[in-house]
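Taking the working numbering, the leading residue of the sequence shown gets 299, the next gets one more, and so forth.
Each residue gets a CB set at the ideal place from its N, CA and C atoms; glycine is no exception.
Have a look at the structure below before the remarks.
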Amino acid sequence: MASAFLDHITVTAFSLETGAAFVRETLGVSPQIGGEHPRMATHNLLLRLGDAMFLEVIAPNPAVPAPARPRWFALDGLGPQSPPSLSTWVVRTADIRAAVAASSEPLGNIEPMSRGALDWLITIPADGSVPLDGIAPALIQWHADVHPAARLEDRGLSLARLEIVHPDPDRISRLLSSLTLDAPVSVLSAPSGALAHLVAHIHTPHGLRILSTGCRQRGVPPVAGRTRLAVGQKR
């Protein structure tokens, strides 16, 4: 039985302005205001991808002091010249402690977080990095009866599938199996010499569009025929 679902995909940017412009140029839709994360000195923008799924644009918040710890999602490593990018993804579970224990890869410490009236638990490595350079997801457990995506405006977007392209697809498939993931996710073998990366195929009012990490944008395609995890139900 599945116990984990794709919750959201995360675009990181040095500023919300550059992140919003990247999403608007790529998807043809502007994200809406999210809020601030006091513990991390970050803020975000959001786009609904379904009743229980969304796209997040997250950046350091220049209006508040930097935290006395590394920011999450490797945001401290970004500078003014860093391009926005699809950096990682987040998997929802009803029992984050059990999911962390079952995971075949270390995903970080379980920490409480909040944004406005919302609060949740999420896995964050101590150094603020994204596990496996963003290929492994963060885990999240919401403390809410209604998923946050249900409160976002419907702007005609939905996730068709998320591709994970990696030189060791079996390792990634083991991870997703250990999480008992039910999601539209495929694991593909990376070409020789290519970096691991994510590719999100998103239905928009303007047709199917793609968000990805820099490797795919430089024109390096995945190798066909090495899918390790079939597309699951949309959530």
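Please name the residue, chosen from the options, that lies closest to residue i on a Cα-to-Cα basis.
i: H504; options: L455, P489, T511 and F352; result: L455
i: T391; options: I408, R469 and S385; result: I408
i: R453; options: G333, R346 and F303; result: R346
i: H464; options: A494, S412, L509 and L419; result: A494
i: S490; options: D466, F352 and S475; result: D466
i: D480; options: P378, A492, L509 and M351; result: M351
i: R367; options: G406, G326 and A424; result: A424
i: A415; options: V444, S380 and D431; result: V444
CB-CB under 7 Å to residue i, same chain, minus the five flanking residues each way: which ones, in chain order?
i: A318; result: S328, P329, L343 and V355
i: S427; result: A372
i: S383; result: V309, T310, T511 and G512
i: I331; result: L343
i: R524; result: Low per-residue confidence applies at R524: pLDDT is 40, beneath 50, and the placement is therefore not dependable, though the value from the model is reported in the following sentence. Counting only Cβ-Cβ distances below 7 Å, and skipping sequence neighbours, we find P467, L486 and S487.
i: L405; result: V398, T421, P429, A434, A436 and L437
i: D431; result: A494
Quick one: residues in its chain with C-beta nearer than 6 Å to the C-beta of residue i, no 5 flanking neighbours on either side, listed in chain order?
i: V388; result: D305, H306, P435, A436 and I438
i: W370; result: M338, I422 and G426
i: S313; result: A357
i: A522; result: Low confidence applies here, because A522 scores a pLDDT of 39, under 50, leaving its location unreliable; read the following figure in that light. Excluding positions up to five away in sequence, the list is empty.
i: S380; result: F312
Given this structure, state the Cα-to-Cα distance separating residue i from residue j, to the nearest angstrom.
i: A442; j: L376; result: 31 Å
i: A364; j: E323; result: 29 Å
i: E315; j: I470; result: 33 Å
i: G349; j: P358; result: Position check: residue 349 holds Asp in this sequence, whereas Gly was assumed. Near 27 Å, if we compare the C-alpha coordinates of P358 and D349.
i: R413; j: I394; result: 19 Å
i: D417; j: M411; result: 6 Å
i: I433; j: A361; result: 30 Å
i: P429; j: T386; result: 9 Å
i: H341; j: H335; result: 6 Å
i: F320; j: G333; result: 19 Å
i: S301; j: I508; result: 27 Å
i: P378; j: G326; result: 23 Å
i: W440; j: V497; result: 25 Å
i: L419; j: A492; result: 34 Å
i: R472; j: D374; result: 30 Å
i: S476; j: A396; result: 11 Å
Starting from residue i, trace the beta strand (DSSP E) both ways and give me its first and last residue.
i: A392; result: Here A392 belongs to no beta strand (DSSP E), and DSSP marks it neither H nor E.
i: H306; result: A302 to T310
i: W418; result: L416 to I422
i: F371; result: Unbroken run through F371: none, as it is neither H nor E.
i: L430; result: It is not in any beta strand (DSSP E) - L430 carries neither H nor E in the DSSP assignment.
i: L450; result: Where L450 is concerned, there is no enclosing beta strand (DSSP E), given that its DSSP letter is neither H nor E.
To which residues of the same chain is residue i closer than 8 Å at the C-beta, ignoring the five residues directly before and after it?
i: A458; result: P482, H499, I500, H501 and L506
The alpha helix (DSSP H) that contains residue i, what's its start and end?
i: R472; result: P467 to S476
i: L343; result: Here L343 belongs to no alpha helix (DSSP H); instead the beta strand (DSSP E) covers T340 to G348.
i: F320; result: L314 to L325
Can you find a CB in chain D that lies within less than 9 Å of the CB of residue i?
i: S328; result: Absent from the structure: chain D. Only one protein chain is present.
For the 8 Å Cβ check, are there 3 or more pairs between the stretch 397-411 and the stretch 445-455?
no
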